[in-house]
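Contents: one structure, followed by commentary.
2 protein chains.
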Amino acid sequence: MKLEYKLVKKSNNARLGEFKYNGKLYETPMFMPVGTNATVKTLSPEELKDAGAGIILANTYHLWLRPGEDVVKKAGGLHKFMNYDGPILTDSGGFQVFSLAKPKDITDEGVHFKNHLNGDSLLLTPEKSIDIQMKLGSDIIMSFDECVKWPSTHDYLEKSIKRTLDWAKRGKEVFNSKDQMLFGIVQGGEYEDLRKECALKLVEMDFDGYSIGGTSVGEDKPTMYKMVEYSTKYLPEDKLRYLMGVGDPIDLIENVMRGVDLFDCVSPTRLARHGHAYTKNGKINIKNNKYKEDFTSIEEGCNCYACKNYTKAYIRHLIVAGETFGARLLSIHNITFLTNLMKEIRENIKNDSLEEFRDKFILDYYGENYEYK
Amino acid sequence: MKLEYKLVKKSNNARLGEFKYNGKLYETPMFMPVGTNATVKTLSPEELKDAGAGIILANTYHLWLRPGEDVVKKAGGLHKFMNYDGPILTDSGGFQVFSLAKPKDITDEGVHFKNHLNGDSLLLTPEKSIDIQMKLGSDIIMSFDECVKWPSTHDYLEKSIKRTLDWAKRGKEVFNSKDQMLFGIVQGGEYEDLRKECALKLVEMDFDGYSIGGTSVGEDKPTMYKMVEYSTKYLPEDKLRYLMGVGDPIDLIENVMRGVDLFDCVSPTRLARHGHAYTKNGKINIKNNKYKEDFTSIEEGCNCYACKNYTKAYIRHLIVAGETFGARLLSIHNITFLTNLMKEIRENIKNDSLEEFRDKFILDYYGENYEYK
């Protein structure tokens with residue numbers, strides 16, 4: 473069944489929302505862990521749920537190449553394939569193919585590129601992307617858009633959003649699934665006129681939800697926040713808004729305050745594999761010598777499996793020794809940290825206290841000299 | 473508390489036994505998974521227990537170097553450090569240091585070798601090995617013995633067992649823990665006179681249990697079985713016997729029939745990382761193309777978490793994509809396979825039907841042309 477979003481409350485521009493899925497109620501704003509290859513690295517579906525995950529992501533590009541969308545379809549779709557009964561969102565594959573393609577290989581038809589696994593020449597088009605995602609059977613699917621470098625000129629972006637809009641339209645024309653939601657993607661860089669034009673034209677096409685693209689590609693925080701503001705401003709209140717690829721804790725708070733409902737990022741699991749853990753007082757590197765005999769949990773009061781059962785000294789040992797159970801414990805902690813943060817954000821929307829919460833969070837996490845406040 | 477073994481029944485030379493630990497009853501014969509760095513690769517303690525694990529192993533050499541036995545001691549011992557409340561056995565470190573030392577570096581004092589992590593010169597002696605193991609706080613600890621290559625001459629082995637016996641004595645002299653069991657190790661290659669001499673002299677020293685060393689170093693199966701027979705024959709019935717480094721399913725059965733109670737091997741987890749799974753009909757390689765669209769479990773009727781929730785196609789995908797969740801699922805399956813096999817072995821000791829069970833196992837696992845029957 474198609475997931476139905478309901479806006480519950482607004483506090484300034486921050487939005488509290490909810491939807492039902494498989495009989496379970498989920499609340500937004502929400503952080504979505506990334507499971508590139510139909511697995512959130514090192515974790516089981518049970519661990520993800522225990523860590524507070526709701527929607528999770530899977531990557532169209534990776535699954536298209538391996539094991540192939542037809543295999544996933546024959547398995548009964550992504551949910552059955554990977555044994556996850558919560559909601560799943562897929563990206564369009566655009567982000568990966570744009571990083572593999574040369575400028576001359578980006579045409580109005582689609583993007584020509586070489587398969588990173590075997591060098592085969594491939595073409596990804598808006599139609600193909602939607603077709604793959606329909607076969608994967610995710611609950612929320614993305615339009616194929618032009619992923620633009622930052623910075624790009626107004627001139628380039630003006631042409632680029634025309635292509636993105638054309639591709640959104642072509643994707644929508646072949647989309648014929650009753651159980652999935654199709655999102656349009658707002659591009660336009662840091663230019664309000666282009667973000668506005670792109671957003672309004674997408675809204676005209678009436679998508680099930682809207683994503684904000686073109687962020688998290690090297691721009692500074694004030695620029696990212698502008699890009700988001702210039703997008704959400706022109707989006708309808710009754711539809712979900714998803715900010716792609718953003719997961720830095722402060723960015724979750726700042727962008728919720730700018731009207732975003734959904735976020736995804738590989739950072740909690742990638743940081744984990746490198747031995748980093750989020751805490752309210754900032755990120756720590758567990759490999760640091762000072763944790764060698766630290767027999768306390770990563771963060772006092774944290775309710776995650778890692779913090780309830782293991783010490784920094786043990787997790788440090790595992791990471792230093794290259795044991796994957798270490799990455800697994802830190803992944804559980806980091807995802808729990810972000811899902812707990814989203815829970816606090818939702819509480820503070822309910823209490824109309826998000827700004828105070830943000831200020832307190834910054835003070836604890838960054839100290840007194842944070843520059844982007 | 474010290475673990476107390478009780479022999480419950482014999483069926484020919486096969487032995488059914490039991491011991492209590494932390495209020496829980498454990499039965500032998502038993503297979504013990506290996507957790508080199510105080511973690512059974514990719515798995516949590518809870519998963520190990522669900523897979524039927526009882527005693528698990530940890531490696532003295534690795535933990536001595538990293539994080540260091542003093543860190544583990546300060547953590548409250550291995551059980552607290554790694555959050556495992558079942559019994560733990562440690563090896564002596566001998567196997568690793570012998571593989572790193574040149575012949576001239578093996579002296580009566582001990583073994584000189586270079587730390588594989590940083591090249592530092594180190595010396596491991598019988599006293600040091602016992603000291604480290606006492607600090608680690610494992611429940612069953614091993615004497616430091618000379619690990620001999622196969623084949624070795626009668627002449628060399630005759631001198632070697634004198635050293636092994638001297639080292640066993642020196643280790644026993646410094647061993648002063650009331651909560652741990654200390655095992656002596658029978659060496660002597662494939663020579664009955666040497667195995668007998670070594671076993672009888674160890675028994676005279678009165679260890680808490682006995683290990684059989686010098687197997688699983690390249691010898692053929694009939695030679696291994698002889699080595700075991702020549703050892704168990706001279707060991708007391710009321711003490712545990714542990715065959716080190718053996719984990720091939722048929723070897724578990726054959727050596728239980730020769731009087732062994734405990735086994736360990738890295739194979740279930742190492743095979744898992746390479747995509748191999750045990751089944752009653754032999755090992756399978758999950759990477760094989762034929763499993764690409766095989767939406768059945770690894771083994772029908774298997775009660776493990778992997779088989780209850782995932783298909784061969786999904787696990788194949790994970791292994792091919794290099795995702796550790798694949799190794800984790802296969803590790804769970806492979807350990808469960810071996811602990812289930814041990815359970816069947818125990819049932820067949822109870823029913824005096826182990827030989828028939830062995831014959832049926834071989835037929836299913838290897839087919840009709842198995843050569844070592």
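Line by line, the protein sequences are chains A and B.
Every letter in the first sequence is one number past the one before it in the numbering used here, and letter 211, counting from 1, is 683.
Every letter in the second sequence is one number past the one before it in the numbering used here, and letter 216, counting from 1, is 688.
Backbone N, C-alpha and C define an ideal beta-carbon position, used for all residues, glycine too.
Each of B:Gly-582, B:Phe-570 and B:Leu-672 was checked against the Cα of Lys-705 (chain B), and the nearest Cα belongs to B:Leu-672. The straight-line gap separating the alpha-carbon atoms of Ala-785 (chain B) and Ile-791 (chain B) is approximately 10 Å. Spatial neighbours of Ile-604 (chain A) in its own chain (CB-CB distance under 6 Å, excluding positions within 5 residues in sequence) are listed in chain order as Thr-532, Trp-536 and Glu-541.
By DSSP's assignment, Asn-753 (chain A) forms no beta bridge with any residue. Contact annotation for Ala-525 (chain A) against chain B: no contact, minimum CB-CB distance about 15 Å [criterion: below 9 Å].
DSSP, read as helix, strand or coil, puts Lys-780 (chain A) in helix. In this structure Gly-754 (chain B) is in contact with Tyr-837 (chain B), their Cβ atoms being roughly 5 Å apart against a cut-off of 8 Å. Arg-800 (chain A) and Leu-572 (chain A) do not touch by the CB rule: their CB atoms are close to 30 Å apart, not below 8 Å. Residue contact check for Pro-539 (chain A) against chain B: a CB pair falls below 7 Å.
Here Lys-752 (chain A) has Asp-836 as same chain residues with Cβ atoms under 6 Å from its own Cβ, once five neighbours each way along the sequence are excluded. Under a criterion of Cβ atoms nearer than 9 Å, no residue of chain B is adjacent to Leu-707 (chain A); the nearest Cβ is some 35 Å distant. By a beta-carbon distance limit of 8 Å, Gly-549 (chain A) does not contact Ala-530 (chain A). Their separation comes to about 11 Å.
Using a Cβ distance threshold of 7 Å, Asp-617 (chain A) and Met-653 (chain A) do not count as a contacting pair. For Phe-616 (chain A), no alpha helix (DSSP H) encloses it, and the DSSP letter there is neither H nor E. Annotation: Val-738 (chain B) has no Cβ neighbours in chain A at a cutoff of 7 Å; minimum Cβ distance is about 14 Å. Setting aside the 5 residues that flank it on each side, Ile-602 (chain A) is surrounded in the same chain by Gly-643, Val-646 and Phe-647, each with a C-beta closer than 6 Å to its C-beta; the list follows chain order. The C-beta distance from Phe-735 (chain A) to Leu-743 (chain A) rounds to 15 Å, too long to meet the 8 Å contact threshold. Apart from sequence neighbours up to five positions away, the residues of its chain that approach Tyr-777 (chain A) with a beta-carbon distance below 6 Å are Ile-804, ordered along the chain. For Phe-570 (chain B), there are no neighbours in chain A by C-beta distance under 7 Å, as the nearest C-beta there is about 22 Å away. Taking the C-beta atoms as reference points, Asn-509 (chain B) is found nearer than 7 Å to Glu-795 (chain A). Annotation for Arg-818 (chain B): the continuous alpha helix (DSSP H) segment containing it runs 796 to 822. Burial is judged here by how many other beta carbons sit within 10 angstroms of a residue's own beta carbon; Met-502 (chain B) has at least 16 and is buried. Those residues of the region 763 to 795 of chain A placed with their C-beta closer than 9 Å to a C-beta in chain B are Lys-764, Glu-765, Phe-767, Tyr-777, Asn-781, Tyr-782, Thr-783, Ala-785, Tyr-786, Arg-788, His-789, Leu-790, Val-792, Ala-793, Gly-794 and Glu-795, ordered along the chain. Taking all protein chains in view, the Cβ of Lys-478 (chain A) is surrounded by fewer than 16 other Cβ atoms within 10 Å, so the residue is classified as exposed.
Selection B:Phe-797, B:Lys-552 and B:Thr-511 evaluated against Val-512 (chain A) yields B:Phe-797 as nearest (Cα-Cα). With a threshold of 7 Å between beta carbons, Thr-562 (chain A) makes no contact with chain B. Using a Cβ-Cβ distance cut-off of 8 Å, the region 612 to 629 of chain B and the region 654 to 669 of chain B are in contact, since at least three pairs of beta carbons, one from each stretch, lie closer than that value. Contact check for His-584 (chain B) and Asp-577 (chain B): beta-carbon distance about 4 Å, within the 8 Å limit, so the pair qualifies.
DSSP places Ser-571 (chain B) in the helix class (H, G or I) of the three-state scheme. For a cut-off of 8 Å, the C-beta gap from Tyr-763 (chain A) to Arg-788 (chain A) is around 5 Å, short enough to register as a contact. With fewer than 16 neighbouring CB atoms inside 10 Å of its own CB, Lys-481 (chain A) falls in the exposed class. When rounded, the separation of the alpha-carbon atoms in Lys-474 (chain A) and Pro-708 (chain A) is 19 Å.
Contact residues of the region 587 to 604 of chain B toward chain A are absent (C-beta to C-beta distance below 8 Å). Taken in chain order, the members of the region 793 to 821 of chain A whose beta-carbon sits within less than 7 Å of a beta-carbon on chain B are Ala-793, Glu-795, Thr-796 and Phe-797. The C-beta of Val-543 (chain B) comes closer than 7 Å to at least one C-beta of chain A. C-alpha of Glu-519 (chain A) to C-alpha of Arg-818 (chain B): approximately 34 Å in a straight line.
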